[in-house]
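Before any comments, here is the structure.
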Amino acid sequence: MKVKYLYEVKSPNGPWMPFWAYDSRDAKRQYCKMRGLRPSDHWTGMGMLRARKVKSNGSLAENR
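Structure below.
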């Protein structure tokens, strides 16, 4: 059974938004679905997003 972790996802011009996901890719896909974006789009999809994992102690770990 996979465990979901808390990730924060950000677009280049937007705020950090929290998502419970299995990995950073899953969090980015959820962000795209919420915003109505195509994940495969070169300009607005997953390639333009940043995701960081929120550790249990509240600190952040950077992911790309």
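First residue of the sequence shown? That's 77 in our numbering, and the numbers climb one at a time after it. The beta-carbon is built from N, C-alpha and C at its ideal position, and this holds for glycine as well.
Helix, strand or coil, according to DSSP, for residue i in the structure here?
i      : result
ARG105 : helix
ARG114 : coil
MET77  : coil
Let me make sure I understand the geometry here. Which of the options has the alpha-carbon closest to that of residue i?
i      : options                       : result
LYS80  : ASP117, ARG114, TRP96         : TRP96
LYS129 : GLY121, MET122, TYR98, THR120 : TYR98
GLY159 : ARG111, LYS78, LYS131, ARG105 : The structure shown does not extend to residue 159, since the chain spans only 77 to 140, so no value can be given for it.
ARG101 : HIS118, ASP117, LYS78, TYR83  : TYR83
ALA103 : LYS131, MET122, SER132        : MET122
What does a CB cutoff of less than 7 Å around residue i pick up in its chain, not counting 5 residues either side in sequence?
i      : result
TYR107 : VAL85, MET93, PHE95, LEU125
PRO88  : MET124
Do residue i and the ligand NAP come close, with the Cβ less than 6 Å from some heavy atom?
i      : result
SER100 : Summarising the ligand content, the structure contains no ligands, and the ligand NAP is consequently not present.
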